[in-house]
Structure formats: C-alpha cells, structure tokens
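Participant:
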Ligand code: FES
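Residue numbers (the numbering used here): 298 to 409.
#1: Which first and last residues belong to the alpha helix (DSSP H) in which residue 353 is found?
#2: Assuming residue 372 and residue 344 form a contact by the criterion Cβ under 8 angstroms, report the distance between their Cβ atoms to the nearest whole angstrom.
#3: Hey, residue 340 and residue 329 are a contact pair by Cβ (cut 8 angstroms); roughly how many whole angstroms apart?
#4: Cβ of residue 338 within 7 angstroms of any heavy atom in ligand 1?
#5: Indicate, with yes or no, if ligand 1 has a heavy atom lying under 7 angstroms from the CB of residue 343.
#6: What's the gap between the Cα of residue 490 and the Cα of residue 387?
#7: Identify the residues that DSSP records as bridge partners of residue 325: which are they?
#8: Secondary structure at residue 382, three-state DSSP: helix, strand or coil?
#9: I believe residue 368 touches residue 357 by the beta-carbon criterion, under 8 angstroms. Please report the beta-carbon distance rounded to the nearest angstrom.
#10: Can you tell me the Cβ-Cβ gap for residue 331 and residue 316, rounded? I've got them flagged as a contact below 8 angstroms.
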C-alpha cells in the first residue's frame, strides 16, 4: 500500500476495494476509504504526527477525534488549520501536515 509516511500505528485500515479513494499527503499518494475522515485516513496509513508545537517542537496528532482539541490541524486543498477529524475525504484531496512547523497557527496550538 502506498503511504506518505509509515510510523508504527495501532490503527488498521478496513478498506473495502470498491470504496477506495486516493489522496495526496505531503506529496505522496495514500489510499483511504470513502467513508473516512482525513484524520482516520492518515492514521490508518501510519501517519500519526500531523504537526509540531511551536514552543517545544513536540509531535502532535489527533486526540479527541470529535472537533474539540484542535490537535489534528492540517492544510487541506490549500486551506490551512483545518481539523482533520471533521473533514471527510474526497478523491484527489491534497493534504499537507504541519510537521515542519511552517504552518503553525500559534493561536490554536497548545503545549501539554
Ligand atoms: S482530534 Fe481533536 S479536534 Fe480533531
């Protein structure tokens, strides 16, 4: 399976071949299920770090998966600071993680 980054992950893709969609994540192709959110698509493809905090540089990823914590911010089709856990995937979607801190929204980042 193509992947933008393979981290060890506890998430498992339950992809049904007839529901597959292809996305671009940080310039690489991943396959997700049409019913996934962006967060679940990234997690099941082994991408667990979505951004880094501006203060410590600690890696952050989805925590609540219901739109409360803002730990899942990514850029989707050029729109920055989107909550990946609330956005359903679409074929051809272009996603950029903020793992290099270049898109950090200081007002939305929290070090814990
Ligand atoms: S994971 Fe908490 S807002 Fe998305």
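Glycine is no exception: its CB is placed at the ideal position from the N, C-alpha and C atoms.
Since the model is a prediction, treat every value here as computed from it, not as a measurement.
Facilitator: On the basis of the data shown:
#1: Premise fails: residue 353 is in no alpha helix (DSSP H) and is neither H nor E.
#2: No, residue 372 and residue 344 are not in contact; Cβ-Cβ is about 14 angstroms, not under 8 angstroms.
#3: Contact doesn't hold; Cβ gap of about 10 angstroms is too wide.
#4: Relative to ligand 1, the beta carbon of residue 338 is positioned no closer than 7 angstroms to any heavy atom.
#5: Judged by the Cβ position, residue 343 fails to qualify as a neighbour of ligand 1 at the 7 angstroms threshold, every heavy atom of the ligand being at least this far.
#6: There is no way to answer for residue 490, as the model of the chain reaches only from 298 to 409.
#7: 322
#8: It is helical.
#9: 5 angstroms
#10: 5 angstroms
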